[in-house]
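Here the structure comes first, spelled out in structure tokens, and everything after it is commentary.
Numbering (this note's numbering), first residue to last: 7 to 949.
What follows is the structure, given as structure tokens:
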């Protein structure tokens with residue numbers, strides 16, 4: 007059932023009922039009459055009265071029907087606003103008062119009535135018989151429905167251009183006598199929208215599809231209008247599938263030009279001072295093997311349901327999540343925006359309802375991939391990678407003191423045949439072009455035997471991961487090789503759904519709609535287990551699995567899977583995670599054999615069926631397209647888009663995964679921007695330069711690497727995925743004159759990163775100015791009192807700023823620049839004096855080395871726990887209000903002792919004045935901190 011239009015009709019007589027006069031069955035009548043009451047004016051003759059009785063509205067209905075059949079979501083007709091909208095209150099009151107489990111759909115039209123309207127006309131298109139239009143009126147306010155005015159209006163129908171069109175008419179004589187402010191109505195059918203309340207303001211809407219879309223033989227789908235309230239929308243943000251593998255961001259202020267394949271949608275309504283947000287997520291029903299996406303139309307939003315089967319076996323429902331925030335004064339103010347927590351609640355609600363989504367808190371997220379620096383071969387060598395090139399690179403890194411702990415051997419190492427890799431002609435546009443297929447599990451001829459074990463031994467590499475496609479190689483698996491492995495393949499041409507083809511027609515037609523030879527879903531568990539076991543035998547420790555979402559294009563031809571793309575995804579992902587858990591575990595401790603992290607990097611997988619099907623062994627998840635391609639210069643716009651897209655995808659997916667913001671190059675002009683983005687994003691850090699690129703002292707690459715790692719080679723990763731502050735979420739930092747602010751947290755301190763992602767061609771060379779607040783960090787905003795004091799420290803400039811909880815710090819940045827602030831809560835040490843232990847000098851995530859801070863007033867001492875590996879200068883900010891510190895100098899009033907581990911002796915540390923800032927002091931930690939370390943800062947009484 008699809009609601010199409012509402013019109014207002016005006017006649018010279020009062021209308022009492024509708025009667026259809028047709029000359030044949032299932033045709034649109036040329037004449038459609040409304041039976042009316044005879045006029046009471048005695049001056050009108052009986053013949054004139056009879057003419058008034060037969061008012062012909064056939065042409066009007068025919069014209070309106072032609073309009074709505076041609077454009078299903080028409081908003082205006084003949085100057086009349088056709089404005090459907092969802093009304094929560096009316097629907098709730100109607101459902102509660104209905105007998106039994108009445109399944110309804112509610113659309114509200116607020117009408118300003120006048121004395122000249124004689125009735126309301128509904129035009130409805132449906133393949134399901136419409137029972138009635140259930141109507142109620144608002145009399146005193148828009149939310150007070152007059153119980154005496156509620157009635158059922160009968161529905162009649164006709165066939166127009168092979169489309170069944172229903173209509174209903176409500177005469178003015180049936181309206182209440184009092185002034186009417188508006189009318190709400192519900193289209194009553196056998197099955198349509200069913201509302202189920204999930205609690206805490208999160209509502210599920212169960213939609214029963216109507217096959218009213220144009221046919222698609224290879225990827226049939228069903229569409230229906232959603233009950234998404236967009237009438238007061240001022241701005242929208244959506245994450246849509248720009249390509250089949252990747253989710254990109256879009257910001258708009260209207261429904262025009264909104265891309266298709268929306269997987270996550272936020273609507274903002276109201277002003278910034280008094281606004282509300284609503285969140286919308288089309289869901290994946292693994293039990294029914296269907297997935298949903300959203301698209302915009304002139305009447306609102308449409309849910310598209312598809313399975314990827316040649317025959318669309320849709321169930322009797324599809325799911326859409328709608329969650330609304332509370333309308334709050336100053337919603338976009340920094341201290342009233344628990345957005346990340348709200349997203350966590352959404353995912354937990356989905357999980358409780360059986361939709362999946364294993365939270366990151368239940369996964370083992372600490373591994374070599376998240377705690378140490380890595381290197382990937384792709385940007386450096388692309389397909390030409392070889393054992394000689396990798397060994398030379400690693401040798402150079404060791405000589406330069408670059409602590410690479412893991413290596414990702416990207417595409418170019420596998421044994422394959424066919425396609426562009428065989429003849430070197432590149433990608434072909436022909437639909438008959440066969441992409442290269444896997445012909446064996448071993449490394450190809452470019453790699454010496456024993457290469458992986460030798461590299462780990464010679465260069466102290468802890469782990470080696472190799473790249474492969476989820477279907478084996480780009481084109482799948484060679485059938486002859488698959489037969490040797492006792493696996494069946496199937497041949498097919500890739501074909502994507504309509505939304506993707508409309509979003510990126512050239513991309514998919516040119517690159518991806520080719521010939522494939524994947525392994526059947528029933529054999530994929532055995533295939534992947536054999537593959538990974540073979541890799542483990544030659545020393546491989548994990549895998550980066552690419553091209554995952556290609557299953558959408560090939561699943562329709564799988565003879566072993568009648569469920570289409572969702573069924574294939576569930577089976578492939580289950581096989582992948584089981585194999586990785588068996589073959590590539592990383593044992594974290596010698597004592598606990600169960601504490602194992604799986605070394606799996608998920609890539610090219612940002613379609614919702616993969617996201618909802620991911621299990622506990624999927625920790626890392628790539629959240630954007632490649633930052634750049636080998637041998638290509640990365641433009642300023644591309645850098646900005648990459649950071650912006652990762653930030654919003656992390657907002658969506660950060661509750662489930664450690665976001666992987668991709669490799670980057672430390673010897674390029676954009677290196678600091680990318681590094682800062684990955685630090686604030688909580689991403690793994692792995693570079694992709696050739697080692698000789700680090701030789702140029704002008705590049706600053708060596709210094710940058712030093713800012714990212716501790717002396718022992720470990721990185722200090724933030725506690726979660728970094729996300730935008732709420733006032734930035736609904737804005738495009740590439741096109742709007744604004745600073746883009748992201749936040750994250752460590753064990754004690756918070757962290758803010760500020761970006762100017764507008765290139766000069768947008769706003770000129772002048773810097774952009776904005777504000778940051780201590781309470782931009784969501785947990786601080788939730789806990790802070792107005793009197794709380796924080797210090798914001800810019801480690802790069804040695805600048806520290808004292809601010810109260812909701813007090814702004816003004817920041818100015820030139821285009822394509824960034825800065826990071828440690829945000830530390832001040833400790834009151836008595837006498838009006840205060841201090842804050844900020845972190846390790848010279849590190850991007852300086853505050854991440856602080857594990858615990860405790861003030862003991864009895865002993866006038868501050869105990870600080872540091873993360874293992876900490877070595878260097880700890881920076882302390884202090885403030886003397888009443889002279890408790892002699893000469894207002896910290897270094898003259900404090901002593902510091904440090905014990906690097908519980909079994910070590912205490913050492914005295916020197917407290918020194920900072921050379922650039924009088925409010926800062928240095929405490930030099932000479933010996934590297936180990937487990938159980940402690941630093942105690944004690945204060946003498948004032949002399």
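Just so it is clear, CB atoms sit at the ideal spot from N, CA and C, and this is done for glycine as well. Treat the numbers as computed from the prediction; the structure is a model and nothing was measured.
| Query | Result |
| --- | --- |
| Are the region 847-861 and the region 746-760 touching, with three or more C-beta to C-beta distances below 8 Å? | yes |
| Just curious, the beta strand (DSSP E) that residue 422 is in, first and last residue? | 420-423 |
| From residue 116 to residue 747, what does the alpha carbon distance come to, in whole angstroms? | Legend: pLDDT at residue 116 = 34, less than 50; position of this residue unreliable, no value from coordinates given. |
| Assuming residue 400 is part of the alpha helix (DSSP H), what are its boundary residues? | 393-406 |
| Less than 9 Å separating the beta-carbons of residue 583 and residue 623? | yes |
| What do you reckon, are the CB atoms on residue 309 and residue 618 nearer than 9 Å? | no |
| Give me, in chain order, the residues of the same chain whose beta-carbon lies closer than 6 Å to that of residue 383; leave out the 5 immediate sequence neighbours on both sides. | 391, 415 and 416 |
| Measure the C-alpha to C-alpha separation of residue 477 and residue 585 and round it to an integer number of angstroms. | 14 Å |
| Do you know whose CA, among 678, 741 and 910, lies nearest residue 712's CA? | 678 |
| Output the distance between the C-alpha atoms of residue 409 and residue 548, rounded to the nearest integer angstrom. | 19 Å |
| Looking at the unbroken alpha helix (DSSP H) that takes in residue 666, where does it start and where does it end? | Where residue 666 is concerned, there is no enclosing alpha helix (DSSP H), although the beta strand (DSSP E) it sits in stretches over 664-666. |
| Could you give the DSSP three-state label for residue 884: helix, strand or coil? | strand |
| Taking its Cβ as the centre, do 16 or more other Cβ atoms sit within 10 Å of residue 358, making it buried, or is it exposed? | exposed |
| Rounded to a whole number of angstroms, what is the C-alpha to C-alpha distance between residue 435 and residue 725? | Annotation note: pLDDT 41 at residue 435 (below 50); position unreliable, coordinate value reported separately. Their Cα atoms are separated by approximately 45 Å. |
| Enumerate in chain order the residues of its own chain whose CB-to-CB distance from residue 605 is below 7 Å, with the five nearest sequence positions on each side excluded. | 373, 375, 469, 471, 547, 548, 590 and 592 |
| In whole angstroms, give me the CA-to-CA distance for residue 100 and residue 588. | In this prediction, residue 100 has a pLDDT of 39, which is less than 50 and means its spatial position is unreliable; what the coordinates show is noted afterwards. The alpha-carbon atoms of residue 100 and residue 588 are separated by roughly 54 Å. |
| Does the Cβ of residue 896 have 16 or more other Cβ atoms within 10 Å, making it buried, or fewer, making it exposed? | buried |
| Excluding sequence positions up to five away, which residues of its chain have a Cβ less than 7 Å from the Cβ of residue 661? | 349, 350, 353, 365 and 366 |
| Considering only residues of the region 695-732, which uninterrupted alpha helix (DSSP H) runs meet the minimum length of 4 residues and lie entirely inside it, listed in chain order? | 707-714 |
| What does a CB cutoff of less than 6 Å around residue 528 pick up in its chain, not counting 5 residues either side in sequence? | 566 |
| Under 9 Å, do residue 899 and residue 945 count as touching if we go by C-beta distance? | yes |
| Thinking C-alpha only, which one of 665, 668, 796 and 541 is nearest residue 421? | 541 |
| Between the alpha carbons of residue 642 and residue 612, how many angstroms are there, rounded? | 24 Å |
| Are residue 633 and residue 666 close, meaning C-beta to C-beta below 9 Å? | no |
| Is it true that the CB of residue 482 sits closer than 9 Å to the CB of residue 313? | no |
| Between 843, 474 and 816, which lies nearest to residue 554 when the distance is taken from Cα to Cα? | 474 |
| Take residue 936 and list the residues in its own chain whose beta-carbon comes closer than 6 Å to its own, dropping the five residues that flank it on each side. | 874, 906 and 907 |
| Between 508, 828 and 886, which lies nearest to residue 839 when the distance is taken from Cα to Cα? | 886 |
| Please state if the CB of residue 254 and the CB of residue 631 are separated by a distance shorter than 9 Å. | yes |
| Roughly how many whole angstroms lie between the Cα atoms of residue 610 and residue 246? | 14 Å |
| Determine the direct distance from the alpha carbon of residue 237 to that of residue 87, and round the result to whole angstroms. | Model confidence at residue 87 stands at a pLDDT of 35, short of 50, so the residue's coordinates are unreliable; what they give is reported in the following sentence. If you take the alpha carbons of residue 87 and residue 237, they lie about 13 Å apart. |
| Roughly how many angstroms lie between the CA atoms of residue 741 and residue 621, to the nearest whole one? | 37 Å |
| Suppose you measure from the CA of residue 734 to the CA of residue 402; what does that come to, to the nearest Å? | 42 Å |
| Verify whether the separation of the beta carbon atoms of residue 815 and residue 772 is less than 9 Å. | no |
| In this structure, how does DSSP classify residue 416 when only helix, strand and coil are distinguished? | coil |
| Is residue 941 buried or exposed, if buried means 16 or more other CB atoms sit within 10 Å of its CB? | buried |
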